[in-house]
Amino acid sequence: MELAVGGSESAMSSLLGKLGNLLAQEYTLISGVRSEIQYMNDELASMHAFLRKLGRAAAAGAVHDEQTKDWVEQIRDVAYDIEDCVDDFARRLGRQPRGEGLIVNLRRAWYTMTSLSARQDIANKIIDLKNRAQEVGERRTRYGVQDPKEISKSTAGIKPSGQARSYATDHLQPPAPQLVGTTEPVGQEEAIAKHGHWLTDHSESSVRVLAIVGFGGLGKTTMALALQRRFGEKFDSRAWVQASQKLNLPSLLRGILKQVMPQQDPEGKGGRGTSDDGIEGLNEKQLKEELKEQLKEKNYILFVDDVWSVSSWQNIWQSLPVNQKGSIVVTTRFKSVANACCRRQEHIYMLKPLPQVESKKLFFERVHDPNPENFKETKDEIIRKCGGLPLAVVAVAGLLARRNLTEESHWKIVNESINSELDKNLSPEGVTQILNICYNDLPADQKNCLLYLSVFPKGCSINRNRLIRRWISEGFIAEKDGKTVEEVAEDSFNELIGRNIVRPVEHSTNGKVKTCQVHDMILEYIVSKSSEENFITVVGGHWLTPTPSNKVRRLSLHNSNPEDVKEKIGNMNLSHVRSLTVFEDLHHLPSYSFKSVILQVLDLEGCKNINTKQLDKIFKMFQLKYLSLRNTYIKKLPTEIGKLQYLETLDIRDTNVTVLPSSVGRLQKMVHLLGGNKSTHLALRFTEEIAKMTALQTLLGIEISRGSTPDLGSMHNLTKLKKLSIYSLRDPHNNSNKYDELLPTIEHLSGYSLKSLAIDDGFTGFLNSMDDLSSPPKYLLSLDLSGKLLRVPKWIKELETLEKLTLSLTSLQTDGLEVLSQLSKLFSLTFSINAKGQDRSVVEILQKNAMDSGGKIFVLADGFASLKLLRFSAPVIPLLSFLEGAMPELQRLELQFRLSEGVYGLEYLRSLQQVHLRVSRKASEATKIKVSDIRSSVGMHHKKPTMVVDEYYE
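Going by our numbering, the first residue of the sequence shown is number 5, and it counts up by one from there.
Have a look at this one:
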């Protein structure tokens, strides 16, 4: 594999910044080592310049020898160790007291005396590292590592990222917001219809198994997803799981059970329904028994993606219930596996490379070429070289989509960089060559952002915000072009999406990509790259990666056999781990792993077995910048949290933590504090200590409790706050003026940075008092008001920038919709009644709806110029009628109900792409007839929208 320098270049950039800052802090420098630090800074700056040359040469197609590769590894290792030393410097010594006067002189003397041992130790380390840096520099000359030679344009492939490019992407617009993914299999329409109808045919006396076979990247998973979308609603139970190269059968069975078992209702009367926690405690035998019980006599469909061996399939097959109502779809790269799955060859679908016509169609779906007839021969040759492999077609399309397509030179450069390997034969080597081109075309910082995706397991849906915050904490993102680090990180994320390297999975209600996923073959490529550069070390899960010979820098522990993981980790040097991610099971990790004091990113989301001892060790990791304990069982945080002075993100959502220690007021670098639980309304109590974290931009899931909450005027300090979410308002004394301070606080924050506001008033009536706002929050992009809200606030029409609006427990009236229809930028609109139907307040509102609107809601023509998502969620939904010309841009309609009076006028929604119904299990037969009527209307729509029908438990 060719030389990769992205991670090394980034490590060097980060280190040079830290050394520069250290040199500028004369009062913190250790006596006698300033010259050593200056030497290291100068030497590493020269090495950095050389690395950039190597990167440009590699991007232009140069092949480097073993000596050059070895020398780059040495640079990277010494840079990592110097960075550890600099961070240790900051942790152990801090700043020397500055100023004049007797008290300062006494403090300085105390500092000198108490830090003497640490200063001597660090001074010795700095001298040793300076000598190592010097030796690495001399070794280059001694062993003849040469400057990379310039490569002529005729062999240059993709232009190096360090040169000025006329296709620069720094100022490209982000992808247009959307809600419904458009990825559909190319050329498989007839096959999907044929096999889908067979899967839903229950006339056979045994389970139906369909095997989709083909080379990696041909579109097996895409075709299976299309089958799921089009035919999934015809089954009572559905599940999608991954098998992969290393089958973890218990994990696979748990994955199926979590998707097919009914959830417990809030009263705990859900029959056999269990939570995910109960499933986690079952052994393999119990999992098989529970699965057979759950699917017994049920009409179900299971999708088992990426089965690698006959033995894996046999283990899966023997674990599944066999009944005539069951259907299974298997995807695999191997014909032998398909033969083992299916009794008849007609139920094996062999995917073949796309013909040139279909490849061209797919290519130009991704490349919006203003002049498709220009340079036609070059374009045809590029598409032909992709060998009919959809993955290659899409990847090359992404490469070109970021360029000025009116210039012939860009088409020629890409054409010359691709060989004809895939055109002759589909092979991993051919795919690797295409991916190398795409990888080398990225700037160094975005290479790191891409390689970082290897942290996440195969098939994992990666949350955009989680990823971006981690990128920032890892130091991959820096401010540039007047943009904040958050904006630059968003640009990097959008770039990976725009290049088709990462595919969207789910969109938020504001149209942004909420979660994304990496194709298996791309993930395999970047896992290999990360391992090669000692960038990310992956243990367990689906990958067989070698144990690194050097110190591990970033460790990602996937779910796997505990004994195998412990043995592999036991052979690693974990003393320099700066980033640790654990998926599902913390038992795999040796206890000494929590002794790392230089750890900066710790992500334990979903780990259910964190104990108090481990928690205490976590909060002694004083270098932490990012800490996620989301969806764990913790109830309180140690007081030592106040010592995490570098902490920027703390995610304790979906835990039982309701109060933070008073020491959090010392966390002056905290940017994102995420707490509370939306589904249970458990919230994090707002305190004066939280108000002291003046760098906060995100504050989620808080409770404002009268009597125990401080003067809300303290929240006025949070002028950088962009996103505020209040999950609970409580008043133990039932004081009618209990929240009179909250209105001016909202007005104050809205005058600064606030862009997103969510308030759940819990039936206190506070929301109706919001009509008294003297200065409405005019610059909000998102507003969520949940409570006993009887009318649309009168000032809402002034929110000209509003894109996302959620109104819960709101009286649904035609005139209210008319007011909202004038919000020209409104992208998504949700009406929701979340309380139970027998609640007196809910019944009153539903009765008022019926009286005010005659039991009907009309959506009039005109207005809602930008609306793409409309949601109604209530026990009872009145008759909903769309008039001709209504909601011209609406793409997705979602309805959740126990009783519906019907939906009419769907044919007038000219942009409709998807209808999603969630119907209560308690729904009457009359309501089920209404659902059938809606299905018929959708079927007659000229755009043939997809329709999904799910059941929910009350």
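Glycine included, C-beta positions come from ideal geometry on N, C-alpha and C.
**Prompt:** Of all the options 460, 254, 327, which has the alpha carbon lying nearest to the alpha carbon of residue 583?
**Reply:** 460
**Asked** Out of curiosity, what's the CA-to-CA distance linking residue 764 and residue 615?
**Response** 32 Å
**Prompt:** With 16 other CB atoms within 10 Å as the buried threshold, where does residue 484 fall?
**Reply:** exposed
**Request:** Tell me residue 951's beta-bridge partners as DSSP assigns them.
**Result:** 919
**Request:** With DSSP as the reference, label residue 167 as helix, strand or coil.
**Result:** Its pLDDT being 37, under 50, residue 167 is placed unreliably by the model, and the measurement read from it follows with that caveat. In the structure shown, residue 167 sits in coil (DSSP, three-state: anything other than H, G, I, E or B).
**Message:** With three or more C-beta pairs closer than 8 Å as the rule, is the stretch 193 to 206 touching the stretch 369 to 381?
**Reply:** Counting Cβ pairs under 8 Å, fewer than three are found: no touch.
**Prompt:** Can you name the residues that DSSP bridges to residue 466?
**Reply:** Beta-bridge pairing links residue 466 to 520.
**Request:** Confirm, please, whether the CB-CB distance from residue 402 to residue 434 is below 8 Å.
**Result:** no
**Request:** State the DSSP-derived secondary structure class of residue 174, mapped to helix, strand or coil.
**Result:** Because residue 174 carries a pLDDT of 43, less than 50, the predicted location of this residue cannot be relied on, and no value is offered for it.
**Prompt:** Do you know how far the Cα of residue 759 is from the Cα of residue 170?
**Reply:** Since pLDDT at residue 170 reaches only 36, below the 50 mark, its modelled position is unreliable, and the value read off the structure follows with that caveat. Taking the straight line from one Cα to the other gives about 35 Å.
**residue 622 versus residue 678 - alpha carbon distance** = 18 Å
**Prompt:** Roughly how many angstroms separate the alpha carbons of residue 315 and residue 638, rounded to a whole number?
**Reply:** The alpha-carbon separation between residue 315 and residue 638 amounts to approximately 40 Å.
**Sequence-distant residues of the same chain with beta carbon closer than 7 Å to residue 650, five excluded per side** = 627, 628, 629, 673
**Request:** Pull up the distance between the alpha-carbon of residue 339 and that of residue 953, whole angstroms please.
**Result:** Taking C-alpha positions only, residue 339 is separated from residue 953 by approximately 34 Å.
**Item:** Which residues DSSP lists as bridging residue 353, in chain order
**Value:** 216
**Item:** Span separating the alpha-carbon of residue 7 from that of residue 683
**Value:** Because residue 7 sits at a pLDDT of 43, beneath the cut-off of 50, its placement in the model cannot be relied upon, and the point is left open.
**Asked** In angstroms, rounded to a whole number, what distance separates the CA positions of residue 894 and residue 830?
**Response** 11 Å
**Message:** Taking the alpha-carbon of residue 860 as reference, which of 906, 517, 913 has the nearest alpha-carbon?
**Reply:** 906
**Asked** Under three-state DSSP, which class holds residue 408?
**Response** coil
**Request:** With DSSP collapsed to three states, give me the class of residue 681.
**Result:** Residue state, collapsed to three classes: strand.
**Request:** Just mark residue 898 as buried or exposed, buried being the case when its beta carbon has 16 or more other beta carbons within 10 Å.
**Result:** buried
**Prompt:** Under 8 Å between the Cβ atoms of residue 776 and residue 747?
**Reply:** yes
**Message:** Tell me whether the stretch 515 to 525 and the stretch 791 to 798 touch, counting them as touching only if at least three CB pairs, one residue from each stretch, are closer than 8 Å.
**Reply:** no
**Message:** Tell me the DSSP secondary structure of residue 570 in three-state form.
**Reply:** helix
**Prompt:** Taking all protein chains shown into account, do 16 or more other C-beta atoms lie within 10 angstroms of the C-beta of residue 431, making it buried, or fewer, making it exposed?
**Reply:** exposed
**Asked** Would you call residue 668 buried or exposed, if buried means 16 or more other Cβ atoms sit within 10 Å of its Cβ?
**Response** buried
**Asked** Nearest to residue 128 by alpha carbon, out of 107, 573, 89?
**Response** In terms of Cα proximity to residue 128, the closest of 107, 573, 89 is 89.
**Item:** Secondary structure of residue 938, DSSP reduced to three states
**Value:** helix
**Request:** Have a look at residue 863 and residue 908 and give me their C-alpha separation to the nearest angstrom.
**Result:** When rounded, the distance between both Cα atoms is 10 Å.
**Asked** Excluding the five sequence neighbours on either side, which residues of its own chain have a C-beta within less than 6 Å of the C-beta of residue 481, listed in chain order?
**Response** Cβ within range, chain order: 475, 489, 492, 493.
**Burial state of residue 756, where buried means 16 or more other Cβ atoms lie within 10 Å** = exposed
**Prompt:** Roughly how many whole angstroms lie between the Cα atoms of residue 619 and residue 54?
**Reply:** 43 Å
**Item:** residue 377, DSSP secondary structure in three states
**Value:** Assignment of residue 377 by DSSP, reduced to helix, strand and coil, places it in the coil class.
**Prompt:** In its own chain, which residues sit with a C-beta less than 6 Å from the C-beta of residue 558, not counting the 5 before and 5 after it?
**Reply:** Result list for residue 558: 540, 583, in chain order.
**Message:** Helix, strand or coil, according to DSSP, for residue 809 in the structure here?
**Reply:** strand
**Item:** Proximity below 8 Å, CB of residue 418 to CB of residue 404
**Value:** yes
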